[in-house]
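Heads up: take any position in the sequence shown, counting from 1, add 12, and you land on the numbering used here.
Report on the structure given below.
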Amino acid sequence: MSKTMVEDNDSSTMKILDIDDDTHSMTRTRDGVKYSVHFQWWKRPYKVAALCLGLLCVLLLAGIIGLCVHFTGQHYSPERDQLQTSYNNMTKEGDQLHINYSTLTKERDPLQTSYSTLTKERDQLQTSYSTLTKERDQLQTSYSTLTKDRDQLQRETIRLNKKLKGRPCHEGWIKFETSCYFFSTVNKTWEESRVDCLRREAHLVIINNREEQVFINGLNGANKQIWIGLTDTFAEGTWKWVDGTPLTTTYWGDGQPNSWKETEQDCGEFIHRSTDPGDWNDDGCSVEQYCVCEK
C-alpha cells in the first residue's frame, strides 16, 4: 500500500490517497479541459529484498567460482607445468621425427631408383637366363643327337677298319693296321716327294700314334732321314699335316723344331734311332732325301 497526492475538485489543493499496486487513472475537468493522470504503486518491500538477495547470491556464486578457479589453478599448476614440459618435449621429438622422415625420404628416393634399376636388370637377366636355358636345351638335344651319330660312326669305322685290315696292299707296299706304306728309293725334295705320293694315289705319311711311329722307325735304315707329311709352310711355327689336321701327338727330337742357323726349315723329317720310337726334326724343304707314302 502506498500513498499519492490528488487535487481536490473544488480547490487547487492535492489530497493524499492510499492506492494499491495496480495502476489507477484519475480524470478531471477544469475550465472545460479534461486532465487524466495515471498512477502506479511501488512494489512491495519484500520483493525488493528478494531482488537484493538474488543479486547477492549471484555475486557469492561468482566469488566461489573465482576462488575455485584460483585454488584449482594453484593445485594443478605443477601438473600443468609437467604437461607443458612433456608437450614441449613431444613437440621437439615430433620436429626431429619430421627431420628424420625427410632425411629417410631423400635416402629412399635414390634407393628406390636403384631398386627399379636392379629390378630391370633382374628382369633382363631373367630373360637372358630363359633364352640361355632354351639354347642349352637345344644344344643338349643337338649334343645327344651328335653323340648318337658319333657312336654310329665309330661302329661304322670299326667295321670298315676290320674290312680294311683284311684288304691286301699293292705290290711294293707294306701293310700295317689299316694302311699301306711305300718307302721310296729315290732322293727328292719335300714338295717333289709330296707330288710323287699323290701320283701313287697316296700322301706323305701322317703319324697318328706311337705304334705307327715305332713301325716307321723299324723299317727305316740306321741314321737315315726320310720326309714325312709335316710342314709349317703356311704359318711359321704352326705345324700341320699335309691333310690340314693339326698335331695332337709329337715326337720332336731335343730342341726341335729350331730353324737351325735361322734358315728356312719348314718341312718335317723322320730320323731313325736305334731305340724306339725315333724322332722328328725340321729341315729345309729343298733337301733331297727319301720319303714314306701312306694310303
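Glycine residues also receive a C-beta, built at the ideal position from the N, C-alpha and C atoms.
Cβ neighbour criterion (16 or more within 10 Å) applied to L67: In the sequence shown, residue 67 corresponds to position 55, counting from 1. Per the 10 Å Cβ criterion, exposed.
Boundaries of the alpha helix (DSSP H) in which L210 is found, first to last residue: For this step, residue 210 is matched to residue 198 along the sequence shown. Looking at the DSSP string, the run of the alpha helix (DSSP H) that includes L210 is 202-211.
Reference F246, options Q268, C279, P269, closest by Cα: Counted from its first residue, the sequence shown places residue 246 at position 234. Taking only the C-alpha atoms, the option nearest F246 is C279.
CB of Y263 within 8 Å of CB of W239, strictly: Working through the sequence shown from its first residue, we reach residue 263 at position 251. Working through the sequence shown from its first residue, we reach residue 239 at position 227. No, Cβ-Cβ distance for Y263 and W239 is not below 8 Å.
DSSP bridge partner residues for L242 (one or two, in chain order): Sequence index remark: in the sequence shown, residue 242 carries index 230 (1-based). Paired residue(s): W253.
Sequence-distant residues of the same chain with beta carbon closer than 8 Å to Q138, five excluded per side: Counted from its first residue, the sequence shown places residue 138 at position 126. None.
Residue burial classification, A62 (beta-carbon count within 10 angstroms, cutoff 16): As a first step, residue 62 is located in the sequence shown; it is residue number 50 there, counting from the start. It is exposed - the Cβ of A62 has fewer than 16 other Cβ atoms within 10 Å.
According to DSSP, residues forming a beta bridge with C279: Residue numbering aside, residue 279 sits at position 267 when the sequence shown is read from its first letter. Paired residues: T243, D295.
Endpoints, alpha helix (DSSP H) assigned at V226: Walking along the sequence shown from the start, residue 226 turns up at place 214. Run containing V226: 222-231, per the alpha helix (DSSP H) assignment.
Within 8 Å, strictly: CB atoms of K200 and C297: Start at 1 with the first residue of the sequence shown, and residue 200 comes out as number 188. Start at 1 with the first residue of the sequence shown, and residue 297 comes out as number 285. No, these two residues do not count as a Cβ contact at 8 Å.
Close Cβ partners of W184 (< 8 Å) along its chain, the five nearest in sequence each way excluded: Numbered from its first residue, the sequence shown carries residue 184 at position 172. Checking the displayed sequence, the identity of residue 184 turns out to be Gly instead of Trp. Result list for G184: F194, in chain order.
Pair within 8 Å by beta-carbon distance, E306 and A214: Here residue 306 refers to the residue found at position 294 when the sequence shown is read from its first residue. Here residue 214 refers to the residue found at position 202 when the sequence shown is read from its first residue. Contact: yes.
Spatial neighbours of S191 in its chain, beta-carbon cut-off 6 Å, leaving aside the 5 residues before and after: Residue 191 sits at position 179 when you count from the first residue of the sequence shown. Cβ within range, chain order: E306.
Extent of the continuous beta strand (DSSP E) to which E306 belongs: Within the sequence shown, residue 306 is the residue found at index 294, counting from 1. Taken as a continuous stretch (DSSP letters only), the beta strand (DSSP E) holding E306 covers 302-306.
Buried versus exposed, by CB contacts within 10 Å (16 or more), S128: One-based indexing of the sequence shown puts residue 128 at position 116. Exposed is the call here.
Inter-residue Cα distance where the pair is H110 and C80: Here residue 110 refers to the residue found at position 98 when the sequence shown is read from its first residue. Here residue 80 refers to the residue found at position 68 when the sequence shown is read from its first residue. Using only the alpha carbons, I get a separation of about 41 Å.
Within 8 Å, strictly: CB atoms of P289 and V226: Taking the first residue of the sequence shown as 1, we reach residue 289 at position 277. Taking the first residue of the sequence shown as 1, we reach residue 226 at position 214. A contact, by the Cβ cut-off of 8 Å.
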